[in-house]
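Remarks on the structure that follows.
In my numbering, the protein residues as written are 1062 to 1551.
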(Lines of atoms letter the chains of each structure in order from A and count residues from 1; the text may use other names and numbers.)
(Lines give C-alpha, C1' and ligand atoms only; values in the text may rest on other atoms or scores of the structure.)
Protein backbone atom coordinates (compact mmCIF):
# COMPACT_ATOMS: atom_id res chain seq x y z
CA UNK A 1 0.00 0.00 0.00
CA UNK A 2 1.31 3.44 -0.98
CA UNK A 3 0.31 6.81 0.52
CA UNK A 4 1.36 10.29 -0.53
CA UNK A 5 2.37 12.40 2.49
CA UNK A 6 3.25 16.08 2.52
CA UNK A 7 6.91 15.12 2.00
CA UNK A 8 6.50 12.38 -0.59
CA UNK A 9 5.22 8.90 -1.29
CA UNK A 10 5.70 6.07 1.21
CA UNK A 11 5.02 2.35 1.01
CA UNK A 12 3.94 0.26 3.98
CA UNK A 13 3.09 -3.36 4.64
CA UNK A 14 -0.06 -5.31 5.48
CA UNK A 15 -0.01 -6.90 8.96
CA UNK A 16 -3.25 -8.73 9.75
CA UNK A 17 -6.13 -6.29 9.35
CA UNK A 18 -3.87 -3.22 9.43
CA UNK A 19 -1.90 -1.29 6.87
CA UNK A 20 1.31 -0.39 8.71
CA UNK A 21 3.78 2.36 7.84
CA UNK A 22 7.00 2.47 9.87
CA UNK A 23 9.90 4.87 10.21
CA UNK A 24 8.18 7.90 8.70
CA UNK A 25 10.34 11.01 9.32
CA UNK A 26 8.41 13.91 10.81
CA UNK A 27 11.36 16.30 11.30
CA UNK A 28 14.81 16.97 9.91
CA UNK A 29 17.78 15.18 11.53
CA UNK A 30 18.47 17.07 14.81
CA UNK A 31 22.24 16.99 14.35
CA UNK A 32 25.09 19.40 13.66
CA UNK A 33 23.79 22.97 14.00
CA UNK A 34 20.33 21.61 15.01
CA UNK A 35 21.54 19.81 18.16
CA UNK A 36 19.84 21.29 21.26
CA UNK A 37 17.48 23.27 18.99
CA UNK A 38 13.77 22.93 18.08
CA UNK A 39 12.95 20.39 15.36
CA UNK A 40 12.77 21.60 11.78
CA UNK A 41 10.51 20.30 8.96
CA UNK A 42 11.77 17.21 7.13
CA UNK A 43 13.14 17.38 3.61
CA UNK A 44 10.92 16.17 0.78
CA UNK A 45 12.02 13.13 -1.17
CA UNK A 46 11.61 11.77 -4.68
CA UNK A 47 10.34 8.32 -5.50
CA UNK A 48 8.69 6.01 -2.95
CA UNK A 49 10.19 5.69 0.54
CA UNK A 50 10.26 2.18 2.01
CA UNK A 51 8.35 2.30 5.32
CA UNK A 52 8.06 -1.42 6.02
CA UNK A 53 10.56 -1.70 8.90
CA UNK A 54 11.01 0.16 12.18
CA UNK A 55 13.53 2.98 12.27
CA UNK A 56 16.33 3.59 14.77
CA UNK A 57 15.77 4.46 18.41
CA UNK A 58 16.82 7.76 19.91
CA UNK A 59 20.32 7.50 21.40
CA UNK A 60 20.07 6.08 24.93
CA UNK A 61 21.69 3.76 27.48
CA UNK A 62 22.97 0.72 25.59
CA UNK A 63 23.51 -1.25 28.79
CA UNK A 64 19.78 -1.79 29.31
CA UNK A 65 18.81 -5.34 28.30
CA UNK A 66 16.18 -4.16 25.83
CA UNK A 67 18.76 -1.97 24.08
CA UNK A 68 21.51 -4.55 23.55
CA UNK A 69 22.17 -4.66 19.83
CA UNK A 70 19.47 -2.08 19.08
CA UNK A 71 19.81 0.34 16.16
CA UNK A 72 20.19 3.89 17.50
CA UNK A 73 20.71 7.16 15.68
CA UNK A 74 20.81 10.79 16.69
CA UNK A 75 20.19 11.80 13.07
CA UNK A 76 17.20 9.59 12.23
CA UNK A 77 15.42 9.16 15.56
CA UNK A 78 12.55 11.57 14.81
CA UNK A 79 10.33 9.02 13.16
CA UNK A 80 6.82 7.71 13.73
CA UNK A 81 4.73 4.65 12.86
CA UNK A 82 1.11 4.44 11.68
CA UNK A 83 -1.35 1.54 11.94
CA UNK A 84 -4.64 1.98 10.09
CA UNK A 85 -7.54 -0.39 9.33
CA UNK A 86 -7.87 1.26 5.94
CA UNK A 87 -6.35 3.92 3.70
CA UNK A 88 -9.66 5.50 2.76
CA UNK A 89 -11.91 8.47 3.55
CA UNK A 90 -13.56 7.05 6.69
CA UNK A 91 -12.01 9.54 9.19
CA UNK A 92 -11.46 7.24 12.15
CA UNK A 93 -10.51 8.40 15.66
CA UNK A 94 -6.75 8.69 16.10
CA UNK A 95 -4.58 7.67 19.07
CA UNK A 96 -1.08 9.12 19.33
CA UNK A 97 0.98 7.09 21.79
CA UNK A 98 4.03 8.63 23.51
CA UNK A 99 6.37 6.02 24.96
CA UNK A 100 7.66 6.06 28.52
CA UNK A 101 11.15 5.50 29.88
CA UNK A 102 11.98 8.35 32.24
CA UNK A 103 12.61 10.71 29.29
CA UNK A 104 15.95 8.85 29.15
CA UNK A 105 15.13 5.67 27.21
CA UNK A 106 12.33 3.96 25.29
CA UNK A 107 11.16 3.48 21.73
CA UNK A 108 8.07 3.65 19.53
CA UNK A 109 8.56 0.07 18.39
CA UNK A 110 8.24 -2.13 21.49
CA UNK A 111 5.16 -4.20 22.37
CA UNK A 112 3.81 -1.33 24.49
CA UNK A 113 3.58 0.91 21.43
CA UNK A 114 2.34 -1.41 18.70
CA UNK A 115 -0.91 -0.12 17.28
CA UNK A 116 -2.47 -3.45 16.34
CA UNK A 117 -2.22 -4.59 19.97
CA UNK A 118 -4.19 -1.52 21.06
CA UNK A 119 -6.77 -1.10 18.28
CA UNK A 120 -7.40 -4.87 17.85
CA UNK A 121 -10.76 -5.10 16.02
CA UNK A 122 -11.73 -1.42 16.39
CA UNK A 123 -11.78 1.31 13.79
CA UNK A 124 -8.93 3.34 15.30
CA UNK A 125 -5.79 4.72 13.66
CA UNK A 126 -2.76 4.46 15.97
CA UNK A 127 0.42 6.53 15.72
CA UNK A 128 3.52 5.90 17.85
CA UNK A 129 6.19 8.58 17.97
CA UNK A 130 9.76 9.13 19.13
CA UNK A 131 11.53 12.14 20.58
CA UNK A 132 14.99 13.15 21.75
CA UNK A 133 15.89 11.77 25.17
CA UNK A 134 17.99 12.73 28.19
CA UNK A 135 20.48 15.54 27.72
CA UNK A 136 19.80 15.69 23.98
CA UNK A 137 16.13 16.38 24.61
CA UNK A 138 15.93 18.25 27.92
CA UNK A 139 19.23 19.94 28.88
CA UNK A 140 18.65 23.64 29.55
CA UNK A 141 21.54 25.64 28.05
CA UNK A 142 20.15 29.10 27.43
CA UNK A 143 22.13 30.70 30.27
CA UNK A 144 25.36 29.11 29.03
CA UNK A 145 25.12 29.20 25.22
CA UNK A 146 22.82 32.17 24.63
CA UNK A 147 19.38 32.83 23.16
CA UNK A 148 20.08 30.61 20.16
CA UNK A 149 19.58 27.75 22.62
CA UNK A 150 16.68 29.29 24.56
CA UNK A 151 14.45 26.23 23.95
CA UNK A 152 17.12 23.55 24.43
CA UNK A 153 15.43 22.27 27.60
CA UNK A 154 12.27 21.59 25.61
CA UNK A 155 13.62 19.84 22.51
CA UNK A 156 11.98 16.52 23.41
CA UNK A 157 8.65 18.23 24.03
CA UNK A 158 8.93 20.18 20.77
CA UNK A 159 9.68 16.94 18.92
CA UNK A 160 6.33 15.67 20.20
CA UNK A 161 4.63 18.86 18.98
CA UNK A 162 6.24 18.35 15.57
CA UNK A 163 4.91 14.78 15.45
CA UNK A 164 1.42 16.02 16.32
CA UNK A 165 1.70 18.64 13.60
CA UNK A 166 2.59 15.87 11.14
CA UNK A 167 -0.52 13.99 12.28
CA UNK A 168 -2.61 17.11 11.77
CA UNK A 169 -1.33 17.54 8.21
CA UNK A 170 -1.25 13.89 7.11
CA UNK A 171 -3.45 11.54 9.09
CA UNK A 172 -6.53 12.02 6.90
CA UNK A 173 -4.54 10.37 4.10
CA UNK A 174 -4.34 7.27 6.33
CA UNK A 175 -8.06 7.10 7.08
CA UNK A 176 -7.82 9.12 10.30
CA UNK A 177 -9.66 12.19 11.56
CA UNK A 178 -7.36 15.14 12.38
CA UNK A 179 -10.22 16.64 14.43
CA UNK A 180 -10.47 13.60 16.72
CA UNK A 181 -7.00 12.95 18.13
CA UNK A 182 -6.29 11.47 21.58
CA UNK A 183 -2.79 11.65 23.04
CA UNK A 184 -1.76 8.99 25.52
CA UNK A 185 1.31 8.22 27.58
CA UNK A 186 2.44 6.18 30.56
CA UNK A 187 5.13 7.32 33.03
CA UNK A 188 7.42 9.64 31.03
CA UNK A 189 4.81 9.43 28.28
CA UNK A 190 2.20 10.66 30.76
CA UNK A 191 4.50 13.44 31.87
CA UNK A 192 4.98 14.33 28.21
CA UNK A 193 1.20 14.53 27.80
CA UNK A 194 1.15 16.81 30.86
CA UNK A 195 3.67 19.09 29.15
CA UNK A 196 1.68 19.15 25.93
CA UNK A 197 -1.48 20.15 27.82
CA UNK A 198 0.12 23.49 28.73
CA UNK A 199 2.20 24.11 25.59
CA UNK A 200 0.53 26.88 23.54
CA UNK A 201 2.09 25.60 20.31
CA UNK A 202 0.32 22.25 20.77
CA UNK A 203 -3.14 23.76 21.19
CA UNK A 204 -5.63 22.38 18.69
CA UNK A 205 -3.41 19.45 17.69
CA UNK A 206 -5.24 17.00 20.00
CA UNK A 207 -8.66 16.80 21.61
CA UNK A 208 -8.53 14.19 24.41
CA UNK A 209 -5.73 13.02 26.70
CA UNK A 210 -4.83 9.94 28.75
CA UNK A 211 -2.21 10.29 31.49
CA UNK A 212 -1.03 7.08 33.20
CA UNK A 213 1.40 7.46 36.12
CA UNK A 214 2.44 10.86 34.86
CA UNK A 215 1.10 14.39 35.03
CA UNK A 216 2.72 17.85 35.25
CA UNK A 217 5.33 17.01 37.90
CA UNK A 218 8.35 17.21 35.59
CA UNK A 219 7.74 20.74 34.29
CA UNK A 220 10.63 22.75 35.76
CA UNK A 221 11.06 26.40 36.58
CA UNK A 222 14.14 27.95 35.00
CA UNK A 223 16.08 28.20 38.27
CA UNK A 224 15.69 24.47 38.87
CA UNK A 225 16.62 23.73 35.25
CA UNK A 226 19.84 25.73 35.64
CA UNK A 227 20.82 23.90 38.81
CA UNK A 228 20.16 20.51 37.23
CA UNK A 229 22.29 21.52 34.23
CA UNK A 230 25.11 22.38 36.67
CA UNK A 231 24.80 18.96 38.32
CA UNK A 232 24.75 17.18 34.96
CA UNK A 233 27.83 19.04 33.73
CA UNK A 234 29.57 18.19 36.99
CA UNK A 235 28.82 14.50 36.40
CA UNK A 236 30.27 14.95 32.90
CA UNK A 237 33.47 16.35 34.40
CA UNK A 238 32.80 19.78 32.88
CA UNK A 239 32.54 23.31 34.23
CA UNK A 240 29.71 25.55 33.09
CA UNK A 241 32.13 27.54 30.93
CA UNK A 242 32.88 24.29 29.06
CA UNK A 243 29.26 23.80 27.93
CA UNK A 244 30.10 24.48 24.27
CA UNK A 245 31.95 21.14 24.23
CA UNK A 246 28.52 19.47 24.28
CA UNK A 247 27.88 20.74 20.74
CA UNK A 248 30.67 18.60 19.28
CA UNK A 249 30.69 15.57 21.58
CA UNK A 250 29.43 12.36 19.90
CA UNK A 251 25.88 11.52 20.95
CA UNK A 252 26.84 8.11 22.35
CA UNK A 253 29.54 9.75 24.47
CA UNK A 254 27.01 12.25 25.82
CA UNK A 255 24.67 9.48 26.89
CA UNK A 256 27.52 7.42 28.36
CA UNK A 257 28.43 10.38 30.57
CA UNK A 258 24.77 10.94 31.41
CA UNK A 259 24.65 7.41 32.81
CA UNK A 260 27.01 8.51 35.60
CA UNK A 261 23.96 10.15 37.16
CA UNK A 262 22.22 6.77 37.43
CA UNK A 263 23.75 5.95 40.80
CA UNK A 264 20.61 5.41 42.85
CA UNK A 265 19.15 8.89 42.68
CA UNK A 266 15.83 9.28 40.88
CA UNK A 267 17.29 9.97 37.46
CA UNK A 268 13.92 10.69 35.86
CA UNK A 269 13.67 13.88 37.92
CA UNK A 270 16.61 15.35 36.03
CA UNK A 271 14.76 15.68 32.74
CA UNK A 272 11.53 17.37 31.77
CA UNK A 273 10.12 20.46 30.07
CA UNK A 274 11.19 23.93 31.18
CA UNK A 275 9.14 27.07 31.69
CA UNK A 276 11.35 29.03 29.31
CA UNK A 277 8.83 31.77 28.43
CA UNK A 278 8.66 30.55 24.83
CA UNK A 279 7.63 26.90 24.71
CA UNK A 280 5.90 26.96 28.08
CA UNK A 281 5.07 30.45 29.23
CA UNK A 282 3.65 29.99 32.74
CA UNK A 283 3.41 27.50 35.56
CA UNK A 284 1.18 24.59 34.55
CA UNK A 285 -1.28 25.13 37.39
CA UNK A 286 -1.71 28.75 36.27
CA UNK A 287 -2.15 27.73 32.64
CA UNK A 288 -4.82 25.15 33.52
CA UNK A 289 -6.66 27.58 35.81
CA UNK A 290 -6.55 30.08 32.95
CA UNK A 291 -8.35 27.74 30.56
CA UNK A 292 -5.52 25.94 28.74
CA UNK A 293 -7.53 22.71 28.64
CA UNK A 294 -10.87 24.13 27.61
CA UNK A 295 -13.40 21.29 27.95
CA UNK A 296 -10.94 18.58 26.96
CA UNK A 297 -11.80 15.13 28.39
CA UNK A 298 -9.01 13.61 30.50
CA UNK A 299 -8.43 10.08 31.78
CA UNK A 300 -5.96 10.30 34.68
CA UNK A 301 -4.60 7.78 37.15
CA UNK A 302 -1.73 5.91 38.74
CA UNK A 303 -0.90 2.50 40.18
CA UNK A 304 -1.37 1.50 43.80
CA UNK A 305 2.20 0.24 44.27
CA UNK A 306 4.19 2.27 41.74
CA UNK A 307 7.58 1.91 43.45
CA UNK A 308 7.22 -1.69 44.60
CA UNK A 309 8.74 -4.10 45.25
CA UNK A 310 10.70 -2.21 47.92
CA UNK A 311 14.49 -2.44 48.10
CA UNK A 312 16.05 -5.35 49.95
CA UNK A 313 17.35 -4.84 53.47
CA UNK A 314 20.90 -5.17 52.09
CA UNK A 315 20.36 -2.40 49.53
CA UNK A 316 18.52 -0.16 51.97
CA UNK A 317 21.52 1.76 53.29
CA UNK A 318 21.73 5.32 54.68
CA UNK A 319 23.35 6.33 51.38
CA UNK A 320 20.37 4.91 49.48
CA UNK A 321 17.93 6.93 51.60
CA UNK A 322 19.96 10.12 51.12
CA UNK A 323 20.05 9.73 47.34
CA UNK A 324 16.30 9.19 47.12
CA UNK A 325 15.39 12.09 49.41
CA UNK A 326 17.88 14.46 47.79
CA UNK A 327 16.22 13.74 44.44
CA UNK A 328 13.40 16.04 45.54
CA UNK A 329 15.64 19.08 46.00
CA UNK A 330 13.91 21.79 48.04
CA UNK A 331 10.90 19.48 48.48
CA UNK A 332 13.01 17.07 50.53
CA UNK A 333 11.75 18.17 54.01
CA UNK A 334 8.14 17.55 53.03
CA UNK A 335 8.86 14.13 51.53
CA UNK A 336 11.16 13.14 54.39
CA UNK A 337 8.48 13.95 56.97
CA UNK A 338 6.08 11.55 55.26
CA UNK A 339 8.77 8.88 55.04
CA UNK A 340 9.55 9.15 58.77
CA UNK A 341 5.85 8.92 59.58
CA UNK A 342 5.35 5.77 57.49
CA UNK A 343 8.56 4.19 58.80
CA UNK A 344 7.06 4.02 62.29
CA UNK A 345 4.61 1.33 61.17
CA UNK A 346 5.97 -0.07 57.89
CA UNK A 347 9.72 -0.33 58.32
CA UNK A 348 12.26 1.53 56.23
CA UNK A 349 12.20 -0.20 52.80
CA UNK A 350 8.40 -0.37 52.46
CA UNK A 351 8.00 3.14 53.89
CA UNK A 352 10.40 4.50 51.28
CA UNK A 353 8.63 2.64 48.45
CA UNK A 354 5.24 3.96 49.56
CA UNK A 355 6.56 7.49 50.03
CA UNK A 356 7.98 7.50 46.51
CA UNK A 357 4.74 6.02 45.16
CA UNK A 358 2.84 8.88 46.76
CA UNK A 359 5.06 11.81 45.82
CA UNK A 360 6.45 10.76 42.46
CA UNK A 361 3.16 9.47 41.04
CA UNK A 362 -0.05 9.24 43.09
CA UNK A 363 -0.23 12.72 44.56
CA UNK A 364 0.67 14.31 41.24
CA UNK A 365 -2.08 12.47 39.35
CA UNK A 366 -4.65 13.56 41.92
CA UNK A 367 -3.39 17.15 41.85
CA UNK A 368 -3.74 17.35 38.06
CA UNK A 369 -7.22 15.82 38.19
CA UNK A 370 -8.24 18.40 40.79
CA UNK A 371 -6.84 21.27 38.70
CA UNK A 372 -8.56 20.09 35.52
CA UNK A 373 -11.89 19.42 37.22
CA UNK A 374 -11.85 22.83 38.89
CA UNK A 375 -11.22 24.40 35.48
CA UNK A 376 -14.44 22.80 34.25
CA UNK A 377 -13.41 19.92 32.00
CA UNK A 378 -14.57 16.29 32.46
CA UNK A 379 -11.97 14.17 34.27
CA UNK A 380 -12.17 10.43 34.85
CA UNK A 381 -9.97 9.20 37.69
CA UNK A 382 -8.70 5.64 38.15
CA UNK A 383 -6.24 3.59 40.20
CA UNK A 384 -4.71 0.33 38.98
CA UNK A 385 -4.96 -2.16 41.85
CA UNK A 386 -4.28 -5.53 40.22
CA UNK A 387 -1.31 -7.39 41.70
CA UNK A 388 -1.60 -10.77 39.99
CA UNK A 389 1.11 -9.81 37.54
CA UNK A 390 4.54 -11.31 37.06
CA UNK A 391 5.67 -8.38 39.21
CA UNK A 392 4.30 -9.04 42.74
CA UNK A 393 2.36 -5.79 43.18
CA UNK A 394 0.24 -3.26 41.28
CA UNK A 395 3.61 -1.83 40.33
CA UNK A 396 4.74 0.79 37.84
CA UNK A 397 3.83 0.02 34.21
CA UNK A 398 2.18 -3.35 34.97
CA UNK A 399 -1.11 -2.14 33.46
CA UNK A 400 0.44 -1.67 30.01
CA UNK A 401 0.41 -5.36 29.03
CA UNK A 402 -3.33 -5.42 29.76
CA UNK A 403 -4.16 -2.26 27.80
CA UNK A 404 -2.14 -3.28 24.75
CA UNK A 405 -3.18 -6.93 24.85
CA UNK A 406 -1.09 -10.00 24.20
CA UNK A 407 0.35 -9.79 27.69
CA UNK A 408 0.59 -13.54 28.15
CA UNK A 409 2.99 -13.58 25.18
CA UNK A 410 5.42 -11.20 26.90
CA UNK A 411 7.51 -13.20 29.40
CA UNK A 412 9.28 -10.15 30.85
CA UNK A 413 6.52 -7.54 31.04
CA UNK A 414 3.35 -9.54 30.60
CA UNK A 415 0.92 -11.36 32.87
CA UNK A 416 0.28 -15.00 33.79
CA UNK A 417 -1.77 -16.91 31.22
CA UNK A 418 -5.02 -17.24 33.22
CA UNK A 419 -8.69 -16.68 32.40
CA UNK A 420 -8.87 -13.92 35.03
CA UNK A 421 -6.02 -12.02 33.42
CA UNK A 422 -7.42 -12.40 29.92
CA UNK A 423 -10.79 -11.03 31.06
CA UNK A 424 -9.11 -8.10 32.78
CA UNK A 425 -7.03 -7.40 29.67
CA UNK A 426 -10.19 -7.23 27.57
CA UNK A 427 -11.81 -4.89 30.08
CA UNK A 428 -8.79 -2.58 30.20
CA UNK A 429 -8.57 -2.44 26.42
CA UNK A 430 -12.33 -1.75 26.22
CA UNK A 431 -11.95 1.15 28.67
CA UNK A 432 -9.01 2.77 26.88
CA UNK A 433 -10.34 2.29 23.35
CA UNK A 434 -13.76 3.48 24.52
CA UNK A 435 -12.19 6.75 25.62
CA UNK A 436 -10.50 7.13 22.23
CA UNK A 437 -13.73 6.33 20.36
CA UNK A 438 -16.29 8.18 22.48
CA UNK A 439 -14.43 10.52 24.81
CA UNK A 440 -15.48 8.57 27.93
CA UNK A 441 -14.06 5.37 29.44
CA UNK A 442 -17.15 3.25 30.07
CA UNK A 443 -17.09 -0.45 29.15
CA UNK A 444 -19.41 -3.48 29.45
CA UNK A 445 -19.30 -4.92 32.96
CA UNK A 446 -17.87 -1.77 34.51
CA UNK A 447 -19.66 0.04 37.38
CA UNK A 448 -21.05 3.50 36.67
CA UNK A 449 -18.10 5.89 36.37
CA UNK A 450 -19.12 9.55 36.19
CA UNK A 451 -16.47 12.19 35.53
CA UNK A 452 -15.30 14.76 38.02
CA UNK A 453 -16.60 18.26 37.56
CA UNK A 454 -15.94 21.57 39.29
CA UNK A 455 -17.38 20.58 42.67
CA UNK A 456 -14.50 18.17 43.36
CA UNK A 457 -16.56 15.26 44.73
CA UNK A 458 -16.78 12.29 42.42
CA UNK A 459 -15.93 8.69 41.69
CA UNK A 460 -12.55 6.97 41.41
CA UNK A 461 -12.50 3.65 39.60
CA UNK A 462 -10.33 0.88 41.05
CA UNK A 463 -9.21 -1.33 38.17
CA UNK A 464 -8.79 -5.01 39.05
CA UNK A 465 -10.59 -8.29 38.20
CA UNK A 466 -13.68 -7.08 40.10
CA UNK A 467 -13.60 -3.31 39.47
CA UNK A 468 -15.22 -1.13 42.08
CA UNK A 469 -15.82 2.56 42.59
CA UNK A 470 -14.97 4.82 45.50
CA UNK A 471 -16.50 8.16 46.31
CA UNK A 472 -13.42 10.33 46.39
CA UNK A 473 -13.19 14.00 47.30
CA UNK A 474 -10.55 15.57 45.08
CA UNK A 475 -10.71 18.75 47.12
CA UNK A 476 -9.23 16.86 50.11
CA UNK A 477 -7.82 13.71 48.58
CA UNK A 478 -4.23 14.76 47.99
CA UNK A 479 -1.41 16.56 49.78
CA UNK A 480 -1.78 20.20 48.74
CA UNK A 481 1.42 21.14 50.58
CA UNK A 482 3.50 19.23 48.02
CA UNK A 483 4.34 21.47 45.03
CA UNK A 484 3.26 20.33 41.57
CA UNK A 485 6.94 20.39 40.54
CA UNK A 486 8.48 17.33 42.19
CA UNK A 487 12.17 18.25 41.75
CA UNK A 488 12.65 21.87 42.79
CA UNK A 489 15.49 24.19 43.75
CA UNK A 490 15.07 27.61 45.32
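Idealized CB from N, CA, C, for every residue including glycine.
Length-filtered (3 minimum) beta strand (DSSP E) runs lying within the stretch 1179 to 1217:
For the stretch 1179 to 1217, whole beta strand (DSSP E) runs of length 3 or above, ordered along the chain, are 1186 to 1190.
Rounding to the nearest angstrom, what Cα-Cα distance links residue 1117 and residue 1460 in this structure?
If you take the alpha carbons of residue 1117 and residue 1460, they lie about 26 Å apart.
Anticipated Cβ contact below 8 Å, residue 1133 with residue 1268, distance rounded:
That pair is no contact at about 33 Å.
Runs of 3 residues minimum, wholly inside the stretch 1383 to 1471: which ones carry the beta strand (DSSP E) assignment?
Runs found: 1440 to 1445.
So for residue 1257, helix, strand or coil by DSSP?
Helix at residue 1257.
Buried or exposed (CB count within 10 angstroms, at least 16 for buried), residue 1529
Residue 1529 comes out exposed.
Contiguous beta strand (DSSP E) assignments of at least 3 residues, all confined to the stretch 1105 to 1156:
For the beta strand (DSSP E) assignment, the uninterrupted runs of no fewer than 3 residues enclosed by the stretch 1105 to 1156 are, from N- to C-terminal side, 1109 to 1111 and 1140 to 1145.
Counting Cβ pairs, one atom from each stretch, are 3 or more of them under 8 Å apart for the stretch 1287 to 1298 and the stretch 1314 to 1325?
A contact exists between the stretch 1287 to 1298 and the stretch 1314 to 1325.
Report all residues from its chain with a CB closer than 6 Å to the CB of residue 1151; omit the five preceding and five following residues, and keep chain order.
Here the set comprises 1236.
Kindly confirm or deny that the stretch 1153 to 1172 and the stretch 1241 to 1249 touch, where touching means at least three C-beta pairs closer than 8 Å.
They touch, by the three-pair rule.
Counting Cβ pairs closer than 8 Å, one from the stretch 1181 to 1192 and one from the stretch 1222 to 1242, do we hit at least three?
At 8 Å Cβ cutoff, the stretches touch.
Could you name the residues of the same chain whose beta carbon sits closer than 8 Å to that of residue 1124, not counting the 5 residues immediately before and after it, in chain order?
Closer than 8 Å at Cβ, skipping near neighbours: 1320.
Since residue 1444 contacts residue 1524 with CB under 8 Å, what's their CB separation in whole angstroms?
The distance from the Cβ of residue 1444 to that of residue 1524 is about 7 Å, consistent with a contact at the 8 Å cut-off.
Spatial distance of residue 1175 from residue 1189 (CA atoms):
Distance between the alpha carbons of residue 1175 and residue 1189: 7 Å.
In the DSSP output, which residue or residues are listed as bridge partners for residue 1476?
Looking at the DSSP assignment, residue 1476 forms no beta bridge with any residue, so it has no partner.
If I measure Cβ to Cβ from residue 1368 and keep anything under 6 Å in the same chain, skipping five residues before and after, which residues do I get?
1414, 1417 and 1418, listed in sequence order.
I need the straight-line Cα distance from residue 1210 to residue 1281, nearest angstrom please.
Rounded to the nearest angstrom, the two C-alpha atoms are 17 Å apart.
Of the listed residues 1515, 1520, 1169 and 1499, nearest to residue 1508 (C-alpha basis)
Of the candidates 1515, 1520, 1169 and 1499, the one whose C-alpha sits nearest the C-alpha of residue 1508 is 1520.
Run through the DSSP bridge pairs and tell me what residue 1077 is partnered with.
Beta-bridge annotation (DSSP): residue 1077 is not paired with any residue.
Give me the residue from 1275, 1136, 1103 and 1120 with the minimum Cα distance to residue 1091.
Closest by alpha carbon: 1136.
Among 1303, 1230 and 1551, which residue has its Cα nearest to the Cα of residue 1205?
Looking from the CA of residue 1205, the closest CA among 1303, 1230 and 1551 belongs to 1303.
Whole angstroms is fine: what's the gap from residue 1426's alpha carbon to residue 1107's?
Separation of residue 1426 and residue 1107 (C-alpha to C-alpha, rounded to the nearest whole angstrom) is 46 Å.
Since residue 1512 and residue 1440 should fall inside the 8 Å C-beta cutoff, what is the C-beta to C-beta distance between them, to a whole number of angstroms?
So it is a contact: roughly 6 Å between Cβ atoms.
Nearest by alpha-carbon distance to residue 1197: which of 1129, 1067 and 1138 is it?
It is 1138 whose Cα lies nearest to the Cα of residue 1197.
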